[in-house]
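Here is the structure we will look at, set down as C-alpha cells.
There are 2 protein chains.
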Amino acid sequence: MSTATALSKTNPPVTCGECPIRHRAVCSGCDQDELAVLDGLKSYKTYAKGETIIWAENALTHLSTVVTGVASLNRTLEDGRCQIVGVLLPSDFIGRPGRSAVAHDVVAATEVTLCRFEKKIFEGLLAKSPAIMARLLSKTSDDLDAARDWMLLLGRKSAREKVAGFLSMLVRRAIQQNGMPAEDGATIALPLSRSDLANYIGLTLETTSRQFSQLKRDGVITLPSQRDVHIPNLANLFKEAAEPDRV
Amino acid sequence: MSTATALSKTNPPVTCGECPIRHRAVCSGCDQDELAVLDGLKSYKTYAKGETIIWAENALTHLSTVVTGVASLNRTLEDGRCQIVGVLLPSDFIGRPGRSAVAHDVVAATEVTLCRFEKKIFEGLLAKSPAIMARLLSKTSDDLDAARDWMLLLGRKSAREKVAGFLSMLVRRAIQQNGMPAEDGATIALPLSRSDLANYIGLTLETTSRQFSQLKRDGVITLPSQRDVHIPNLANLFKEAAEPDRV
DNA sequence: CGCACATTTGATCCTGGTCAAAAGGCGTGG
DNA sequence: CCACGCCTTTTGACCAGGATCAAATGTGCG
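Line by line, the protein sequences are chains W and S.
Residues 1 to 247 (my numbering) make up the first sequence, in order.
Residues 1001 to 1247 (my numbering) make up the second sequence, in order.
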C-alpha cells in the first residue's frame, strides 16, 4: 500500500507536436504559440498498474491528461463497497481546476503515463486561454453525458444487459477512435479485471463472470483469451445491451 | 401529449439585477455591463407541472436556466424503463452549447419558469465572456460530481440507503442555500412523486414506498403530509444513507 | 514445476420486483 | 357540504434475479 509511490518513475518529455493525443486532449484547440508555452510547463509521470494516482482525501497538486494506459475513478464506502464512477482512456483529463481535491481515488488499471501541469500554473493557463477553457468545458460535458448514460445502466438494466452494455461502450469508444472495423465483428481488449468490471457495472464479480459465460454460450461473444473479447455481430451485442443500434 | 405546449405561457421579464438566482446562476460572474446586455437578450417561459420542456430527439433551440420550480432529466429505454439522471433546481442550467440536442427529456416536476436565450445568441455570449464560460464550466463540473455520487448510490446501495440517500441529498442542498437549521432537525418538501422518486433512485415505486414506511416506523423520519418529510436527527439520516456525517 | 492469484462454476439465501388489492387525498359537481 | 370518481400511495403475497459462501479450475510468473 504505502510503497506504491516507489513504483512510479519519470519519463523524458517529448514535444507537444509529436504527442499521440495531440488532437483529442484538452490542449487540442491551442495554436502553435500556445503549444510552445505548454511544452515548457508540462512534465510526464508514469504509474505502475494498481498504483493509486490520486487519493480522494489528499490535496490536488497537479492537473493532468492520460497519455497512455487506463485509469479508473473509484468511490468507496467506509464498509468497503466500491463503485467505479469513471474510466479514463488516453486524452482524458484528471482533476478539477479551482478545487483542492477530487471526490474519488484515481487508480491505474494498467501502467499509466500522465502529462501533468502544476495546478496553479494550469489555472493560470486556463484564465489566459479561452481555447483550453472551451475544450475543457466540452470534455467535461462529454463526461457528464457518459456518467448519465451510466446511471441508466446502473439503475435500470439487468445483469446481462449491464455486461453487454459495458462491452458496447468499449466498442463504441474503439470505433470512435479507430473508425469502423472492416468486417462486421470486432475484437476488443478489456482494460479492467473482472473485479474492477463488476465494480463498474454495479454487480458482484461472480455474477459478472456468469454473464460472460452465458453471452459466450449464446454466441454473442467469443473469448480468445481472458482479457480479449471478440464480438461477431455488433448489432446483436447492442440489442443485448438494450441500446439503439446506431454506433 | 401534443397539447402540452398549449399549457405554457410567457411571463413579463424582470431585470437581471432583481433576479432571485442572480448570484448562483451561470450569469453570476458577470459585471453590470454584461448584465445589461443579458437583460436585452433573455426571455422567460413558464411550463405547467408534467409538461415536457425538451424532448430528447428534438433540436435544441434555447439554452436556459431554471428560475423557479423543479425539473427532471429523464432517460427512457424503448421498453419503457425510465431512469431520472438529474434533478434541476432554481439556478441550474439546461442545454449544451455546441450540441444540437440533449440525450434526455427535460420534464417539469412542478410548474417551472425558465430564463432563456436563443442558442446561437448564448453561444455568442459564451465566446465573448470568459466569466460566463468559467461559471458554466464550474456548474458542469458540479453536475458531474453529483452524477458520480449518484452512480455510487445506484450501483452499490440498498433500497433503504437509497431512500435515505435521496433525502440526505435534498437536505444538503437545502442547507447549502438556506443555511443550517436552528434546531437539530429539518423539514423538507419533496419535489417529486413516489413514482419519479423511484425512477431517480433506481427502485420500483412499491419498494420506495415500503422504505418510507420503515424509516417512519424506525423514527428516522416523520411524514407531516404526503409531500413533506421531517427529519428529527440529521446525523441519523446520514448514517442510514451510509454517508459521512459532514453536511 | 509449483505457487499465488484470477476466474469460473455450484448451491443456497435474501433483497427487491411483480402482481394485486386496499386505503388515502383531492378536485369536481350536485 | 358532501358524495363520487380518479389518481397516488400504501400494504400484502409470492416470485426471481442477483448476492453470498464455498470450492474447483485456469493462468501467469518466479
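Ideal placement from N, C-alpha and C gives every residue a C-beta, glycine not left out.
Three-way DSSP call (helix, strand, coil) for residue i in this model
i                       : result
residue 7 of chain W    : Its pLDDT being 44, under 50, residue 7 of chain W is placed unreliably by the model, and nothing is read from it.
residue 1218 of chain S : coil
residue 102 of chain W  : coil
residue 123 of chain W  : helix
residue 239 of chain W  : helix
residue 1071 of chain S : strand
residue 1131 of chain S : helix
residue 86 of chain W   : strand
residue 1116 of chain S : strand
residue 227 of chain W  : coil
residue 1233 of chain S : coil
residue 1144 of chain S : helix
residue 1063 of chain S : strand
residue 52 of chain W   : strand
residue 1076 of chain S : strand
residue 244 of chain W  : coil
residue 1001 of chain S : Bear in mind that the predicted position of residue 1001 of chain S carries a pLDDT of just 34, short of 50, making it too unreliable to give a figure here.
Residue from the options whose Cα sits closest to the Cα of residue i
i                       : options                           : result
residue 1099 of chain S : S:1060, S:1136, S:1211 and S:1109 : S:1060
residue 15 of chain W   : W:187, W:28, W:35 and W:63        : W:35
residue 56 of chain W   : W:75, W:68 and W:215              : W:75
residue 1037 of chain S : S:1243, S:1149, S:1124 and S:1236 : S:1124
residue 1139 of chain S : S:1088, S:1204 and S:1205         : S:1088
residue 1030 of chain S : S:1126, S:1058 and S:1078         : S:1126
residue 1122 of chain S : S:1208, S:1058, S:1210 and S:1043 : S:1043
residue 204 of chain W  : W:81, W:189 and W:28              : W:81
residue 1153 of chain S : S:1052, S:1188, S:1240 and S:1033 : S:1240
residue 1175 of chain S : S:1066, S:1211 and S:1188         : S:1188
residue 166 of chain W  : W:28, W:39, W:208 and W:51        : W:208
residue 244 of chain W  : S:1190, S:1191 and S:1078         : S:1078
residue 67 of chain W   : W:211, W:128, W:27 and W:206      : W:27
residue 33 of chain W   : W:128, W:51 and W:211             : W:128
Contact under 8 Å by Cβ, residue i with residue j
i                       : j                       : result
residue 195 of chain W  : residue 114 of chain W  : no
residue 41 of chain W   : residue 117 of chain W  : yes
residue 238 of chain W  : residue 168 of chain W  : yes
residue 1155 of chain S : residue 202 of chain W  : yes
residue 1136 of chain S : residue 137 of chain W  : yes
residue 21 of chain W   : residue 90 of chain W   : yes
residue 1072 of chain S : residue 1084 of chain S : yes
residue 18 of chain W   : residue 69 of chain W   : no
residue 184 of chain W  : residue 215 of chain W  : no
residue 182 of chain W  : residue 171 of chain W  : no
residue 95 of chain W   : residue 62 of chain W   : yes
residue 1134 of chain S : residue 133 of chain W  : yes
residue 1242 of chain S : residue 1120 of chain S : no
residue 220 of chain W  : residue 199 of chain W  : no
residue 1130 of chain S : residue 130 of chain W  : yes
residue 58 of chain W   : residue 101 of chain W  : yes
Fill in: Runs of alpha helix (DSSP H) lying entirely within the region 1147-1206 of chain S, each at least 4 residues, in chain order
1159-1178 and 1194-1201
Fill in: Contact the region 39-57 of chain W vs the region 103-123 of chain W: 3+ CB pairs below 8 Å
yes
Discussion item. Does the contact criterion of 3 or more C-beta pairs under 8 Å hold for the region 1139-1155 of chain S versus the region 138-148 of chain W?
Written reply: yes
Worksheet entry | Three-pair Cβ contact test at 8 Å for the region 157-164 of chain W versus the region 225-232 of chain W | no
Fill in: Runs of alpha helix (DSSP H) lying entirely within the region 14-47 of chain W, each at least 4 residues, in chain order
32-41
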